[in-house]
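Taking UniProt numbering, the leading residue of the sequence shown gets 1, the next gets one more, and so forth.
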Amino acid sequence: MKKIFALALALLVVFPVAPAFAHAQLDGASPKANVKLVKAPTQIKLTFDDDLIELTDANTIQVTNSKRQRVDLNNSKVLGNQITVGLKKLVVGSYRVTYRVLSADGHPISASYSFSVIKK
Numbered sequence: 001m002k003k004i005f006a007l008a009l010a011l012l013v014v015f016p017v018a019p020a021f022a023h024a025q026l027d028g029a030s031p032k033a034n035v036k037l038v039k040a041p042t043q044i045k046l047t048f049d050d051d052l053i054e055l056t057d058a059n060t061i062q063v064t065n066s067k068r069q070r071v072d073l074n075n076s077k078v079l080g081n082q083i084t085v086g087l088k089k090l091v092v093g094s095y096r097v098t099y100r101v102l103s104a105d106g107h108p109i110s111a112s113y114s115f116s117v118i119k120k
């Protein structure tokens, strides 16, 4: 019995148990990071691997151009594990997407990425 316990303890040290409540992670983005588009998107859509908490003003996506002017419509909306925001008409240039969301465990997640609209 002591050998089984020692083996089980050794296995736990070598292969620790993953936490049951991991924070949500970005699972997909449209448009994707660092992509070069010939057609400007009309919205940003982020998908996470877990649901988001729906609280007004707690979940936001902001999109800015190279002059740091906002080009989103300030209408971020959460539905399950996704958040979207509409965009103004984008022209050729570089854009930065900055987001902050609350995962189902209440943990805030924030990051940013860029994409570009290019000529055909």
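Where a beta carbon is used, it is the ideal one built from N, C-alpha and C, also for glycine.
From a predicted model like this one, the values you see are computed outputs, not experimental measurements.
CB of residue i within 8 Å of CB of residue j, strictly
i	j	result
F48	L26	yes
A40	Y113	no
Member of the options whose CA lies at the smallest distance from the CA of residue i
i	options	result
N81	V38, K120, D105 and K119	D105
P31	T56, Y95 and N74	Y95
Exposure of residue i, with buried meaning 16 or more beta-carbon neighbours within 10 Å
i	result
D57	exposed
N74	exposed
S110	exposed
I83	buried
N92	With the sequence shown as reference, residue 92 is identified as Val, and Asn is not the correct amino acid for it. Classification of V92: exposed, given that the 10 Å Cβ count is below 16.
V101	buried
Presumed contact (8 Å Cβ cut-off) between residue i and residue j, rounded CB distance
i	j	result
I44	V85	5 Å
F115	L46	With a Cβ gap of about 13 Å, F115 and L46 do not count as contacting.
L90	D72	With 8 Å as the limit, L90 and D72 do not qualify as a contact, their Cβ atoms being about 10 Å apart.
Any chance the stretch 27-38 sits against the stretch 56-67, with 3 or more Cβ pairs inside 8 Å? no
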